[in-house]
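Per my numbering, the sequence shown starts with residue 992, numbered consecutively. C-beta: ideal position from N, C-alpha, C; glycine also. Everything below concerns the one structure shown next.
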Amino acid sequence: LQENELLDYEPEPYALEDNSDNFVDLDPIDLPMNDFDPELLSDLGPAFKHLASICSPGTMPETEVMKNGTR
992 LQENELLDYE
1002 PEPYALEDNS
1012 DNFVDLDPID
1022 LPMNDFDPEL
1032 LSDLGPAFKH
1042 LASICSPGTM
1052 PETEVMKNGT
1062 R
């Protein structure tokens, strides 16, 4: 960009740059914080149980992971 280029350019406001107060009719997204049920992992197989034991240590007994041959 040279020094004298675009000196008279005024940016145009676009809808995405507008004030967010115009979006009051949109419902907020509400995600539950701790509604995780570890029983949901019981039918996913040994690979997913091993992954669950890594991602959420303490939610599955260590013997349950080892029983499925994943360690």
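Backbone CA spacing between residue i and residue j [nearest angstrom]
| i | j | result |
| --- | --- | --- |
| CYS1046 | PRO1019 | 28 Å |
| TYR1000 | ASP1021 | 42 Å |
| THR1061 | PRO1048 | Only weak support is given to the placement of THR1061: the predicted model assigns it a pLDDT of 48, under 50, and the question is left unresolved by the model. |
| ASN1025 | LYS1040 | 19 Å |
| ASP1034 | ALA1043 | 12 Å |
| PRO1029 | GLU1003 | 51 Å |
| GLY1036 | PHE1027 | 18 Å |
| PRO1023 | ALA1038 | 26 Å |
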